[in-house]
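As numbered in the numbering used here, residues 94 to 184 make up the sequence shown, in order.
Backbone N, C-alpha and C fix where the C-beta goes; we use that ideal spot for every residue, glycine too.
Everything below concerns the one structure shown next.
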Amino acid sequence: MLSRVHIFISGRVQGVFFRSFTRKTAIQLGICGWVRNLRDGRVEVLAEGEKEVLEKFIKKLQIGPEYSKVDDLDITWEDYLGVFKQFIIRY
């Protein structure tokens, strides 16, 4: 089933290549959407794909790249809209 997930990730997630890790992981899994840093130190992700694949994606984000430390993921499941063609880093 196609789904959409909106994630806010907190912890040591900026300055540790978290956005690059997220994009690479999403592309490997065939997920579309975007990732960006927030001014409050969190990382925000909006992603679409098969729900079971998105669940794998979330598990990888919980671990994160080397030097990161994920403290919390605030996850909201939403209805799939199909508006993304690729996965990008937003600035």
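Query raised in the report: Along the chain, where does the beta strand (DSSP E) that runs through LYS162 open and close?
Result: 162-171
Query - Closest residue to VAL146 among GLY123, GLU159, LYS162 and GLU137 (Cα-Cα distance) - result: GLY123
Query - Strand pairing of SER96, partner residues [DSSP] - result: GLY142
**Report entry** Residues sharing a beta bridge with ARG135, DSSP
**Finding:** For ARG135, which the question treats as bridged, DSSP gives no partner whatsoever.
Query raised in the report: What did DSSP end up calling PHE101 once you bin it into helix, strand or coil?
Result: strand
Query raised in the report: If you drop the 5 nearest sequence neighbours on each side, which residues of the same chain put their C-beta closer than 8 Å to that of GLN155?
Result: VAL163 and LEU166
Query - VAL138 versus VAL128: straight-line alpha-carbon distance, rounded - result: 4 Å
Query raised in the report: Excluding sequence positions up to five away, which residues of its chain have a Cβ less than 6 Å from the Cβ of ILE181?
Result: TRP127
Query raised in the report: For the beta strand (DSSP E) that contains ILE120, what are its first and last residues?
Result: Note, ILE120: premise wrong, no beta strand (DSSP E); alpha helix (DSSP H) at 111-122.
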